[in-house]
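Residue numbers (my numbering), protein chains in the order written: chain Z, 1 to 248; chain E, 1 to 463.
We put the CB at the ideal spot given by N, CA and C, even for glycine.
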Amino acid sequence: MIELVNVKKSFGNSEVLKGISLRVNGEIYGILGPNGSGKTTLMKIVAGIMKPSAGKVFVEGVDVESDPIRVKQIVGYVPETPILYESLTVSELLNLVGKVRGLNKEELEEKVANFARAFEIEDYLDSLIATLSFGNRQKVAIISALLHNPSVLILDEVMNGLDVRSAKILRELLFRFRREGKSILFSTHIMPFAERLCDRVGVIYEGKIVAEGKVGDLKDFAKVKDLEDVFLKLTRGEDISEILSALI
Amino acid sequence: MKRNPGISEETLLRRIRKFNVKNSFIMLFSVFFFLGILMALYYPDTEYLRLSITTFLFLSSIFMTTVSLQQTTFAGVFEPLKAMPVRGVEKHISVLFLIDSLAVLGIAVPPAILMASREFPSTVVYFLWLVFSVLFGHTLGMVFLAIFGFRVAQRSKAISKILFGVFVAVLILAMMPNLLVSGIFGEIAEFSRKYYFIYPFTVLSEIRMSFALLLIYCCILIPLNARVSKVGVSKLLEPKFEMTSKATFRVFSGNKMAALILKDLKLIYRHPSGLVGVILPFIVIVPQIIVLGSLSGGNAVVIQAISTVALFSPIILGLITRGEGREIDFLKNLPISKEDFMLSKVLTSSFIVCSASLVLILIAFMFGATPLAFLIAVPLPMITCLFSALYLFDYPSREVGIPDMGIRRMAVLLFMCIILVALLLAPTLLFANFFGYALTFFLSLIILAFMFRRLRNLERTIS
């Protein structure tokens with residue numbers, strides 16, 4: 001379970017998160033928001049990589065601020081931009097992750113073989129990360145986050161760069177994880193993904209959650225037919241057709 | 001610039017903002033200048049010094065060109081250039097790396113000043129030969145890239161082989177002239193007089209002949225460099241990836257700490273600056289041991305070798321820690337504590353510095369130094385590594401991070417290491433017998449135990 005209680009984060013004078021509270025328990029929770037709304041900052045705080053300026057974050061009952069190492073053992077985190085060791089090969093990187101996460105030889109071998117086959121990166125295991133395409137890097141980052149079978153997943157724009165097959169495999173995996181009772185915090189810009197994947201969504205705008213609930217409930221509330229319109233109505237409220245006609 | 005939560009390292013951000021090619025050149029030049037002072041102090045023979053420096057510059061230039069250019073290309077630094085309407089990109093890149101290689105000239109400046117005070121005109125010609133050496137090394141590096149560069153783009157193992165080849169060649173070639181020249185300098189001098197027209201012996205020929213030869217060599221080399229650079233760089237910019245057959249995943253046997261150390265060693269091996277840092281102690285110290293060993297063969301050689309290696313610890317530790325760069329964000333996702341991170345850096349740097357120390361003591365032993373030196377060859381460099389880590393990582397946060405390693409802070413650290421090493425070596429210097437070495441050994445063990453305890457208790461101290 002992930003629980004955030006009145007989380008705030010400031011960088012200098014600018015307050016990026018203005019008191020976020022939410023709870024994710026055995027479900028896929030989508031965080032939606034425009035660029036710069038604070039999604040990545042929120043994800044980093046939950047993953048124990050960044051400290052909040054105020055408020056509390058608990059992951060499976062563990063206070064992230066007081067025991068970030070324990071939280072990192074529990075969590076699988078895929079950042080928005082996969083920052084990986086460019087000078088290591090895929091094999092070397094996954095070996096490092098497996099060893100740090102305490103996986104034994106057989107377990108690590110089996111998991112890497114299965115994930116590499118699933119995401120079609122078997123041919124790249126001996127390649128340097130620096131030579132991989134963005135999509136393949138993203139796959140390596142996803143495998144790194146899933147190797148230790150985490151009970152909590154924090155996925156920041158995880159579908160970026162994935163091909164159709166890999167995106168489908170990941171989606172099915174996430175559904176399976178949900179059935180197993182894992183909690184998944186998922187941020188995205190792509191509304192159809194969120195609509196298909198998430199049990200509940202929270203729309204974050206200017207550092208606050210402006211709406212939260214099941215996708216269907218939000219659509220009913222906003223009296224629109226899809227999530228994209230809900231999102232636009234809650235975050236901008238502008239008429240897109242007017243903007244387009246000014247452009248073309 | 002908007003604050004980007006994707007980059008959490010504020011210090012790194014500052015460094016990126018402040019990064020300047022000119023400053024980086026000055027920094028590298030200063031390091032080599034310092035090494036040049038050491039060379040000028042330890043080599044009394046001018047001819048020997050001239051030949052050594054010429055060879056060193058030539059080899060360093062090959063090394064810097066091949067390794068830097070390959071690594072920078074793999075990192076995708078030149079990718080944006082491809083999309084821009086700029087002509088002669090290859091030439092610009094080649095010149096940029098030539099300028100980078102010229103920083104090694106810093107090593108030649110102190111000895112050249114010393115020589116110029118005696119014979120000014122010949123020193124000027126000699127200095128031109130040194131510039132030529134860098135250009136020659138750069139050209140050969142480009143030839144090397146033109147032939148092999150495009151074939152090694154995809155596979156890390158192929159890159160490793162090439163890098164390993166370059167590493168071993170540079171190491172052996174850098175040491176060979178020193179060994180030969182110091183051991184049988186008379187015969188080398190005779191050989192060089194006979195084949196005065198062959199580079200690098202050209203630097204020892206008579207001034208007018210030397211200058212004429214320089215002009216002839218330049219007439220061949222400059223057009224060759226222009227041609228080869230274009231081919232070399234273009235092959236790197238448009239690499240033909242070798243797709244491999246299905247690779248198999250092999251699990252490395254070892255624990256978490258071993259995995260972190262292995263990762264650090266691989267990063268050093270595949271990063272030019274890291275490799276240069278590791279090679280430097282050997283290049284600087286081996287000739288000194290040989291010269292001093294042949295002169296005295298006593299205690300002084302051992303003490304000088306160990307103390308110099310120990311003083312390289314902060315630099316090596318700094319290189320290894322800096323080597324993480326922005327990629328440290330990946331480690332932050334993993335359950336690694338600050339003390340685990342520090343310990344991995346201490347063990348990696350100790351592994352390098354202690355290996356260097358043992359090799360050097362072995363060489364010193366071959367030149368007549370006491371075998372007792374092996375007693376202190378490992379603990380002393382380990383102490384400086386551990387001390388450097390405790391000093392540098394003394395920030396209040398419990399998070400894994402890259403500490404402040406500015407010039408001022410590093411200078412203070414180096415000064416403290418000098419005092420520490422001097423204090424620990426005092427019994428050896430005073431008694432110069434078994435008792436002295438044993439005392440230093442036991443003192444070192446006590447300090448090591450104390451420092452390791454402090455490192456293990458770091459978590460509690462911060463809490």
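Residues of its chain near residue i, where Cβ-Cβ distance is below 6 Å and the 5 sequence neighbours each way are ignored
{"i": "F115(Z)", "result": "I143"}
{"i": "G19(Z)", "result": "N6 and K8"}
{"i": "G232(E)", "result": "M142, L145 and A146"}
{"i": "K182(Z)", "result": "S151"}
{"i": "Y391(E)", "result": "L413"}
{"i": "K56(Z)", "result": "V5"}
Same chain, Cβ closer than 8 Å to residue i, five either side skipped, listed in chain order
{"i": "V125(E)", "result": "I207, S210, F211 and L214"}
{"i": "G26(Z)", "result": "M1, R178, G181, K182 and S183"}
Assigned secondary structure, residue i (DSSP; H/G/I helix, E/B strand, else coil)
{"i": "N6(Z)", "result": "strand"}
{"i": "V400(E)", "result": "coil"}
{"i": "V256(Z)", "result": "The structure shown does not extend to residue 256(Z), since chain Z spans only 1 to 248, so no value can be given for it."}
{"i": "T65(E)", "result": "helix"}
{"i": "F58(Z)", "result": "strand"}
{"i": "Y126(E)", "result": "helix"}
{"i": "R23(Z)", "result": "strand"}
{"i": "R456(E)", "result": "helix"}
{"i": "F11(Z)", "result": "strand"}
{"i": "D63(Z)", "result": "strand"}
{"i": "G30(Z)", "result": "strand"}
{"i": "S253(E)", "result": "coil"}
{"i": "D329(E)", "result": "helix"}
{"i": "Y77(Z)", "result": "strand"}
{"i": "L334(E)", "result": "coil"}
{"i": "L103(Z)", "result": "coil"}
{"i": "L180(E)", "result": "With a pLDDT of only 49 at L180(E), under the threshold of 50, the placement of this residue in the model should not be trusted, and no figure is reported."}
{"i": "K51(Z)", "result": "coil"}
First through last residue of the beta strand (DSSP E) which encompasses residue i
{"i": "G213(Z)", "result": "K208 to G213"}
{"i": "T188(Z)", "result": "S183 to T188"}
{"i": "G256(Z)", "result": "What the structure shows of chain Z is the stretch from 1 to 248, and residue 256(Z) is not part of that stretch, so it cannot be assessed."}
{"i": "Y217(E)", "result": "Where Y217(E) is concerned, there is no enclosing beta strand (DSSP E), although the alpha helix (DSSP H) it sits in stretches over I207 to L237."}
{"i": "I69(Z)", "result": "Counting along the chain, I69(Z) falls outside any beta strand (DSSP E), though it belongs to the alpha helix (DSSP H) covering P68 to I74."}
{"i": "I154(Z)", "result": "V152 to D156"}
Exposed unless 16 or more other CB atoms sit within 10 angstroms - verdict on residue i
{"i": "V140(Z)", "result": "buried"}
{"i": "F120(E)", "result": "exposed"}
{"i": "N149(Z)", "result": "exposed"}
{"i": "K194(E)", "result": "exposed"}
{"i": "T188(Z)", "result": "buried"}
{"i": "E90(E)", "result": "buried"}
{"i": "I316(E)", "result": "buried"}
{"i": "S156(E)", "result": "Low per-residue confidence applies at S156(E): pLDDT is 48, beneath 50, and the placement is therefore not dependable, though the value from the model is reported in the following sentence. S156(E) comes out buried."}
{"i": "V210(Z)", "result": "exposed"}
{"i": "I383(E)", "result": "buried"}
{"i": "V201(Z)", "result": "buried"}
{"i": "K105(Z)", "result": "exposed"}
{"i": "M342(E)", "result": "buried"}
{"i": "N95(Z)", "result": "buried"}
Residues that residue i contacts on chain E, provided the C-beta gap is smaller than 7 Å
{"i": "Y205(Z)", "result": "Ordered by position in chain E, no residue passes the 7 Å Cβ test against Y205(Z), which lies about 17 Å from the chain."}
{"i": "E65(Z)", "result": "Per Cβ cutoff of 7 Å: no residues; E65(Z) is ~10 Å from chain E at best."}
Residues near residue i by beta carbon distance below 7 Å, same chain, minus five either side
{"i": "F387(E)", "result": "C417, L420 and M451"}
{"i": "L114(E)", "result": "A40"}
{"i": "P302(E)", "result": "Reading the sequence as shown, one finds Val at residue 302(E) and not Pro. Correct list, in chain order: I361, A364, A369, T370 and A373."}
{"i": "T348(E)", "result": "I261, D264, L265 and I320"}
{"i": "F434(E)", "result": "L372"}
{"i": "L17(Z)", "result": "V7, K8, K9, G38, T41, L42 and G207"}
Host alpha helix (DSSP H) of residue i (start-end)
{"i": "A112(E)", "result": "V109 to A116"}
{"i": "D340(E)", "result": "K338 to M366"}
{"i": "S37(Z)", "result": "No alpha helix (DSSP H) holds S37(Z); DSSP gives it neither H nor E."}
{"i": "L125(Z)", "result": "Per DSSP, L125(Z) belongs to no alpha helix (DSSP H) and is neither H nor E."}
{"i": "K223(Z)", "result": "Premise fails: K223(Z) is in no alpha helix (DSSP H) and is neither H nor E."}
{"i": "V203(E)", "result": "Counting along the chain, V203(E) falls outside any alpha helix (DSSP H), and DSSP gives it neither H nor E."}
{"i": "N136(Z)", "result": "F134 to L146"}
{"i": "E172(Z)", "result": "V164 to R179"}
Residue i: contacting residues in chain Z (beta-carbon distance under 7 Å)
{"i": "A259(E)", "result": "N95, L96, K99 and V100"}
Any non-hydrogen atom of the ligand MN closer than 6 Å to residue i Cβ
{"i": "I303(E)", "result": "Annotation note on the ligand MN: not contained in the displayed structure, which lists no ligands."}
Listed by chain order, chain E residues near residue i by CB distance under 8 Å
{"i": "I69(Z)", "result": "P335, I336 and S337"}
Contact set between residue i and chain E, taken where Cβ atoms lie within less than 9 Å
{"i": "K72(Z)", "result": "K332, N333, L334, P335 and I336"}
Residues that residue i contacts on chain Z, provided the C-beta gap is smaller than 8 Å
{"i": "S253(E)", "result": "K105"}
{"i": "E327(E)", "result": "I83, L84, Y85 and E86"}
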